[in-house]
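Chains as they are written, first to last, in this note's numbering: chain A, 176 to 289; chain B, 29 to 141. Built from N, CA and C at the ideal position, the CB exists for glycine as well. Predicted model, so just to flag it, every value in this text is computed and none were measured. Here the structure is laid out as structure tokens; the discussion comes afterwards.
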């Protein structure tokens, strides 16, 4: 069974204090790993897709990396506006039955204080 | 461009009542899905559709029905609401399920008393 585990559950950072979020996954063949950002009262907002081990994607202060067992979301010099819950999700390779299905982790809640 | 629109934003039901959560997208996406989000748990897939006239069950389908008569709309029906269905419901769509990111609506917060 596909599983996604995110750690830590919550993270409190000072503005400018860089850190990393972890997403560990077990899946029967990875088609893609997705990172989303979710603000309170809103739907998840797409950040990145990673397809193969060694791949990296960057957007502003965020950088996502992927290995065969986990993904990291690095937040460099965060600002208060980076406060959000960050969700990781995997899509398994396989039959068309898995088309579009995502297995989500529970998320990491990040709070950045000035 | 509105994206994915969900209505209502909030709803309170009594046990046994039925209701329909509406979802519409204006991006001509083939794939649409419904997730529920509960504290401490990841988003869980309820039902999904790969095109008009085609629907299938996700991880937690019991107590919910869906239909897809048009590309744009994908309503979720609660047949007889139960307290266990108290949750935040998200509708999502993508151009193609394979390797395409999901675009989410802003959710419907449902409370069943």
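Nearest residue (CA-CA) to residue i, options the options
i: residue 243 of chain A; options: A/215, A/212, A/265; result: A/265
i: residue 227 of chain A; options: A/219, A/217, A/237, A/205; result: A/205
i: residue 287 of chain A; options: A/259, A/229, A/209, A/278; result: A/259
i: residue 223 of chain A; options: A/229, A/200, A/212, A/177; result: A/212
i: residue 39 of chain B; options: B/117, B/128, B/69; result: B/117
i: residue 124 of chain B; options: B/42, B/46, B/61; result: B/61
i: residue 176 of chain A; options: A/253, A/267, A/281; result: A/267
i: residue 145 of chain A; options: A/239, A/202, A/198, A/191; result: The structure shown has nothing for residue 145 of chain A, since chain A only spans 176 to 289.
i: residue 179 of chain A; options: B/68, B/139, B/35, B/51; result: B/68
i: residue 217 of chain A; options: B/51, B/37, B/79; result: B/37
i: residue 79 of chain B; options: B/113, B/66, B/87, B/94; result: B/94
i: residue 231 of chain A; options: A/209, A/187, A/191; result: A/209
i: residue 73 of chain B; options: B/84, B/81, B/88; result: B/88
i: residue 257 of chain A; options: A/181, A/190, A/185; result: A/190
i: residue 186 of chain A; options: A/234, A/248, A/278; result: A/248
i: residue 92 of chain B; options: B/106, B/120, B/81; result: B/106
Where residue i sits in the DSSP three-state scheme
i: residue 101 of chain B; result: strand
i: residue 213 of chain A; result: strand
i: residue 122 of chain B; result: strand
i: residue 84 of chain B; result: strand
i: residue 61 of chain B; result: strand
i: residue 256 of chain A; result: helix
i: residue 182 of chain A; result: strand
i: residue 128 of chain B; result: coil
i: residue 206 of chain A; result: strand
Run of the beta strand (DSSP E) containing residue i, from where it starts to where it stops
i: residue 45 of chain B; result: That residue, residue 45 of chain B, is in no beta strand (DSSP E); it is neither H nor E in DSSP.
i: residue 199 of chain A; result: 194-201
i: residue 113 of chain B; result: No beta strand (DSSP E) holds residue 113 of chain B; DSSP gives it neither H nor E.
i: residue 139 of chain B; result: 136-140
i: residue 185 of chain A; result: 185-189
i: residue 79 of chain B; result: 72-79
i: residue 246 of chain A; result: 245-250
Neighbour-count burial assignment, residue i, 16 or more Cβ in a 10 Å radius
i: residue 102 of chain B; result: buried
i: residue 132 of chain B; result: buried
i: residue 48 of chain B; result: exposed
For this session: Identify each residue in the stretch 70-94 of chain B for which the Cβ-Cβ distance to at least one residue of chain A is less than 8 Å, and report them in chain order.
Result: 70, 71, 72, 73, 76, 78, 84, 86
Exercise. Which of the residues in the stretch 121-138 of chain B, read from start to end, lie with their CB under 9 Å from any CB of chain A?
Worked result: 122, 124, 125, 126, 127, 128, 129, 130, 131, 132, 133, 134, 135, 137
Exercise. Name the residues in the stretch 217-232 of chain A whose C-beta lies less than 8 Å from a C-beta of chain B; which are they?
Worked result: 217, 218, 219, 220, 221, 224, 226
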